[in-house]
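Undergrad: Here it is, the structure in full.
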Amino acid sequence: MNTFSLMTRRRHREMEPWLVKHPYGEHPAERLELIERKPGSPKKAPVVYIHGGGWICGKMEMYTAELDFLAQAGHPVFNLEYPLAPERPHPHMLLSLLSALAWIQENYPEHKSIHLMGDSAGGNLVLMLAILVTNSDLIKNLDAEFALKLPDIKSAISLYGVLDRLSWIDDKFPSAALMLESYAGAEALKKEIGSSQAVTPMDLKFNSLPPTFIAVGSKDQLAQSSRICAEHLKKDFKDVKYEVYQGEAHGFFNRSERPASQKLRGDIVDFFSA
485 MNTFSLMTRR RHREMEPWLV KHPYGEHPAE RLELIERKPG SPKKAPVVYI HGGGWICGKM
545 EMYTAELDFL AQAGHPVFNL EYPLAPERPH PHMLLSLLSA LAWIQENYPE HKSIHLMGDS
605 AGGNLVLMLA ILVTNSDLIK NLDAEFALKL PDIKSAISLY GVLDRLSWID DKFPSAALML
665 ESYAGAEALK KEIGSSQAVT PMDLKFNSLP PTFIAVGSKD QLAQSSRICA EHLKKDFKDV
725 KYEVYQGEAH GFFNRSERPA SQKLRGDIVD FFSA
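Residue numbers (the working numbering): 485 to 758.
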């Protein structure tokens, strides 16, 4: 076993008293873990975290230790797993995640509102969820019979998310076209799409948006995607924060030894506290 694995297991053991796992649906991947806020920390609204992996891979357990800083700051953290593409493509993935939010609302009713946060494909999914929940008429485009009660969204943070469909392909993000096709079908690779391929914030028209923070590294092949979306959102919504972390590449949030990762974590806590 390598040093990283040993360190990760040690950090997980340290967190176990505050870690509880639950299913939120019938699919084996419809599960979550609750990282309780640390004793003595101030009580703050929970954060729902959605991991990345291009919609086709990734596990919530890869992020458990990395999310401890939020629990230390007083935020309970719901770290979500979800069924992946191509088995569960759009819109099923978003519907699973909406059902997770409804499960949290039903089982933890003391939390009337939540923050959303995710990285990469998870950064896409959290902004889509923020838009759907605050513009609930759009949910009917995914499921005309959707009637679950959802929590209010206090804010959303996208860490180097896929926020438009095509720029990351042009910028040669590895396997971008394959991942997008796996998630939304071959039609999503075209410039002009129908409503069933509306899988990014740039594909939707909406009137409400919670406070939003878009963060990306300057060397990330998703940097242009973040910039395009941030500039677009700022035209209609005043509470949009956009930050570029100079010299950083994709995934730097998980590299906690880097100064930029520590700065990002501080910026996240400050944004949630604003």
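C-beta atoms are modelled at their ideal positions from N, C-alpha and C, and glycine is treated no differently. Since this is a predicted model, take the numbers as computed values, not measurements.
Going by the CB atoms, is the gap between L643 and F553 shorter than 7 Å?
TA: Sequence index remark: in the sequence shown, residue 553 carries index 69 (1-based). Sequence index remark: in the sequence shown, residue 643 carries index 159 (1-based). No, the Cβ-Cβ distance between F553 and L643 is not below 7 Å.
Undergrad: Quick check on this structure: which residue in S597, S620, L748 has the alpha carbon closest to the alpha carbon of Y726?
TA: As a working note, residue 726 is residue 242 in the sequence shown. The shortest C-alpha separation from Y726 is found at L748.
Undergrad: Within its chain, find whatever has a CB closer than 7 Å to the CB of R739; leave out the 5 residues flanking it on each side and keep chain order.
TA: Counting from one through the sequence shown, the residue named residue 739 turns up at place 255. Contacts found: S745.
Undergrad: If you run the structure through DSSP and keep just helix, strand and coil, what is H506?
TA: Numbered from its first residue, the sequence shown carries residue 506 at position 22. Note: H506 maps to strand in three-state DSSP.
Undergrad: Could you check where the alpha helix (DSSP H) with N591 kicks off and where it finishes?
TA: On the sequence shown, residue 591 is found 107 positions in, with the first residue counted as 1. 576-591 is the extent of the alpha helix (DSSP H) around N591.
Undergrad: Under the assumption that A733 contacts D704 (Cβ atoms under 8 Å), give the Cβ distance between them as a whole number of angstroms.
TA: As a working mapping, residue 733 is identified with position 249 in the sequence shown. As a working mapping, residue 704 is identified with position 220 in the sequence shown. Right, the Cβ-Cβ distance comes to about 6 Å (below 8 Å), so this counts as a contact.
Undergrad: Expressed to the nearest angstrom, what Euclidean distance is found between the alpha-carbon atoms of T618 and A670?
TA: As a first step, residue 618 must be located in the sequence shown, where it is residue number 134. As a first step, residue 670 must be located in the sequence shown, where it is residue number 186. Straight-line Cα distance between these residues: approximately 29 Å.
Undergrad: Note down, in chain order, each residue of its chain lying with its Cβ closer than 7 Å to the Cβ of C713, except the 5 sequence neighbours on either side.
TA: Working through the sequence shown from its first residue, we reach residue 713 at position 229. Here the set comprises L647, D648, P685, M686, I698.
Undergrad: What does A699 pair with, by DSSP beta-bridge criteria?
TA: Numbered from its first residue, the sequence shown carries residue 699 at position 215. Looking at the DSSP assignment, A699 forms a beta bridge with L643, E727.
Undergrad: DSSP three-state call for I637: helix, strand or coil?
TA: As a working note, residue 637 is residue 153 in the sequence shown. Looking at I637 - three-state DSSP - the assignment turns out to be strand.
Undergrad: Thinking C-beta only, is L688 closer than 7 Å to A640?
TA: Within the sequence shown, residue 640 is the residue found at index 156, counting from 1. Within the sequence shown, residue 688 is the residue found at index 204, counting from 1. Taking 7 Å as the Cβ cut-off, A640 and L688 do not qualify as a contacting pair.
Undergrad: Closest Cβ-Cβ distance between L650 and chain B: below 7 Å?
TA: The structure shown has no chain B; it contains just one protein chain.
Undergrad: Got a sec? Which residues, its chain only, sit under 8 Å from L503 by beta carbon, not counting five neighbours each side?
TA: Here residue 503 refers to the residue found at position 19 of the sequence shown. Hits under 8 Å: H496, E517, L518, I519, E520, T548.
Undergrad: Is S680 near the ligand MN, judged by its Cβ being under 6 Å from some heavy atom?
TA: In terms of ligand content, the structure shown is empty, and the ligand MN therefore cannot be addressed.
Undergrad: Tell me, to the nearest whole angstrom, how far the beta carbon of K543 is from that of I598; I am working on the premise that it is less than 8 Å.
TA: Indexing the sequence shown from 1 puts residue 543 at position 59. Indexing the sequence shown from 1 puts residue 598 at position 114. Contact doesn't hold; Cβ gap of about 22 Å is too wide.
Undergrad: So, helix, strand or coil for E665, using DSSP?
TA: Walking along the sequence shown from the start, residue 665 turns up at place 181. Looking at E665 - three-state DSSP - the assignment turns out to be helix.
Undergrad: Would you kindly work out how many angstroms separate the C-alpha atoms of P512 and P567, rounded to a whole number?
TA: Position 28 of the sequence shown holds residue 512. Position 83 of the sequence shown holds residue 567. The alpha-carbon atoms of P512 and P567 are separated by roughly 8 Å.
Undergrad: Have a look at L578 and I588 and give me their C-alpha separation to the nearest angstrom.
TA: Start at 1 with the first residue of the sequence shown, and residue 578 comes out as number 94. Start at 1 with the first residue of the sequence shown, and residue 588 comes out as number 104. If you take the alpha carbons of L578 and I588, they lie about 15 Å apart.
Undergrad: Looking only at its chain, what residues have a beta carbon closer than 6 Å to the beta carbon of K505, apart from the 5 residues adjacent to it on each side?
TA: Residue numbering aside, residue 505 sits at position 21 when the sequence shown is read from its first letter. The answer, listed in chain order, is E517.
Undergrad: Rounded to the nearest angstrom, what separates Y533 and E676 at their Cα positions?
TA: The count along the sequence shown starts at 1 and reaches residue 533 at position 49. The count along the sequence shown starts at 1 and reaches residue 676 at position 192. Whole-angstrom Cα-Cα distance: 31 Å.
Undergrad: Let's test the definition: count the other Cβ atoms within 10 Å of the Cβ of L717 and tell me whether it reaches 16, buried, or not, exposed.
TA: For this step, residue 717 is matched to residue 233 along the sequence shown. Flag for L717 reads buried.
Undergrad: Going by DSSP, which residues form a beta bridge with M601?
TA: As a first step, residue 601 must be located in the sequence shown, where it is residue number 117. Its beta-bridge partners are Y533, I641.
Undergrad: Just tell me which of E565, P593, N625 has its CA closest to the CA of G602.
TA: Mapped onto the sequence shown, residue 602 falls at position 118. Among E565, P593, N625, the Cα nearest to that of G602 is on E565.
Undergrad: Quick check on N761: does DSSP put it in helix, strand or coil?
TA: Because the chain is modelled from 485 through 758, residue 761 falls outside the range shown and cannot be assessed.
Undergrad: Tell me which residues share the same chain as I742 and place their Cβ nearer than 7 Å to its Cβ, disregarding the 5 neighbours each side in the sequence.
TA: On the sequence shown, position 258 is the one that residue 742 refers to. Ile is not the amino acid found at residue 742; the sequence shown has Arg there. Only F736 meet the Cβ criterion.
Undergrad: Round the Cβ separation of L634 and A584 to the nearest angstrom and send it over; I've been treating them as touching at under 8 Å.
TA: Here residue 634 corresponds to residue number 150 of the sequence shown, with the count starting at 1. Here residue 584 corresponds to residue number 100 of the sequence shown, with the count starting at 1. Going by Cβ atoms, the distance from L634 to A584 rounds to 10 Å, so no, they are not a contact pair.
Undergrad: Please work out which residues of its chain come closer than 7 Å, Cβ to Cβ, to S709, disregarding the five sequence neighbours upstream and downstream, and give them in chain order.
TA: Counting from 1 along the sequence shown, the entry for residue 709 is found at position 225. Answer for S709: V646, L647, D648, S651, W652, listed in chain order.
Undergrad: Is it true that the CB of P695 sits closer than 7 Å to the CB of D723?
TA: Position 239 of the sequence shown, counting from 1, holds the residue named residue 723. Position 211 of the sequence shown, counting from 1, holds the residue named residue 695. Their beta carbons are under 7 Å apart, which means D723 touches P695 by this criterion.
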